[in-house]
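Structure first, then comments.
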Amino acid sequence: MRQPHQAHSAALKRQMDELVDLEGDDSEVAKARLRVIKNRLAAQKSRETARHYVQNLEHSLSLLGTESQLLAARLAKVEQENAQLRAAQTIPGRPQGAARPEPPARRPSSGGGGGQKNTGGG
C-alpha cells in the first residue's frame, strides 16, 4: 500500500517495544503513551481492513457488471430468435400473436344421474 503508513507503523511498533521494556517502572506517562500507540495501531489495522473490503466490493461490482452486460446481450439474442420463430410459425389469416382457437366446450353426459352417486338410500 502506501509507504508513509508503513513507515509510521514501524515507528509506532518500535516505540511500543521501547515502552514495553519500560513497563516495569509503572510510569503513568509510559502507560498512557503505550495505550495511545496501541490505539493508533488498531485504528490503522481497521482502516487497512476496510480498504481491502472496499477493494473487494469494487472488484465484485466490476465482475457483476460485466456478467449483467453479457446476460443482457444473451437475452436480446434469445428474444430476437423467439420473434423470428414466431414469425415463421404464423398461419395466414390469423394475426401474429393471436391466441389459438379454443376447442369446443364439452357437453355434460346425459346419464340421468346428474353427477350424484346413488347411495341406495331411499
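First residue of the sequence shown: 1, per this note's numbering; consecutive thereafter. Just so you know, even glycine gets a beta-carbon here, dropped at the ideal spot from N, CA and C.
Notebook entry, point to check: Taking the Cβ atom as the reference point for each residue, do Lys38 and Met16 lie within a distance shorter than 8 Å?
Noted result: Closer than 8 Å, so yes.
Item checked: beta-carbon Glu58 near the ligand GTP non-hydrogen atom, thresh 7 Å -> In terms of ligand content, the structure shown is empty, and the ligand GTP therefore cannot be addressed.
Note to self: Just to confirm, is the Cβ distance from Ser62 to Leu41 under 8 Å?
What the structure shows: no
Next item on the list: Along the alpha helix (DSSP H) that carries Arg33, what are the first and last residues, could you check?
Entry: 28-89
Item checked: DSSP state of Arg14 mapped onto helix, strand, coil -> helix
Margin query: Quick check on DSSP: helix, strand or coil for Ala7?
Written below: helix
Next item on the list: Can you give me the Cβ contacts of Leu12 inside the same chain, cut-off strictly under 7 Å, excluding the 5 residues immediately before and after it?
Entry: Around Leu12: Ile37, Arg40, Leu41.
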